[in-house]
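Residue numbers (full-length UniProt numbering): 1 to 263. What follows is one structure encoded as structure tokens, with my remarks underneath.
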């Protein structure tokens, strides 16, 4: 009898998401899709995997990709089930692609984009990105997703994650109400309130996806390995605003618990 593979997250993984602000889902998409994605990205940036002498920049960015490998990677049965489990069935929009891609290369230079931050989610029409906003309801963002399109070890510039930092940010956003806080307001103190959080690197094999709470504090870092790191960092978009008539999702449970409300 063939082994039936579990689809989605276990109850323990869902609880870890609530407590830690993220969960790591291995084999979320196939190695073949990861390779197809890397091949497209190499072509986009005009570099080759066997010409390291031409890798002169620490990071090269590629925008959103709408081709089939990226649509396929974002919409596997495992991920759709996980989206349902964390955001709520019918409360998210199926990704139509993936992006952006900060492709990180081995380099002695600082990447220049390695500060701690949260990803804001609305008000993005303002010309000053420091005025973009987030609110305690997480309007405009259901999840932050980290898609590993290459194997990422400890030296390969894995994203640094502050475990449990989502709860601290929820508390800080609460006084701002529905209008929310700007990125400038959130970053005014360098996220010092989360300095005591344990840091975990987002490592894993190609095909791994980190499903992160929208308020999770994270940072890039320099690449000290040998092979470039290919990763997408898209949002999962909600279908609409939080409906209080529906049961709270794990994303909302985490916010409510952090703010001292019943879940």
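Each residue gets a CB set at the ideal place from its N, CA and C atoms; glycine is no exception. From a predicted model like this one, the values you see are computed outputs, not experimental measurements.
The C-beta of residue 189 has fewer than 16 other C-beta atoms within 10 Å across all chains shown, which makes the residue exposed. Residue 7 sits in coil when the DSSP states are folded into three classes, being neither helix nor strand. Taking a cut-off of 8 Å on C-beta distances, the segment 156-166 touches the segment 187-206, as three or more cross pairs fall below it. Unbroken beta strand (DSSP E) stretches of 3 residues or longer found wholly inside the segment 202-239: 209-212, given in chain order. Look at the beta carbons and you see the segment 31-44 touching the segment 57-77: at least three pairs across the two are nearer than 8 Å.
The beta carbons of residue 131 and residue 184 sit closer together than 8 Å. By the CB criterion at 8 Å, residue 69 and residue 104 fall outside the cutoff. Nearest neighbour of residue 223 by Cα position, chosen from 79, 242, 102 and 170, turns out to be 102. In the DSSP assignment, residue 122 forms a beta bridge with 133. Put simply, of 106, 19, 260 and 117 the residue whose alpha carbon is nearest the alpha carbon of residue 154 is 106. Taking a cut-off of 8 Å on C-beta distances, the segment 132-148 touches the segment 219-235, as three or more cross pairs fall below it. Residue 86 sits away from residue 136, with the two beta carbons spaced by 8 Å or more. Between the alpha carbons of residue 187 and residue 117 lies a distance of about 7 Å.
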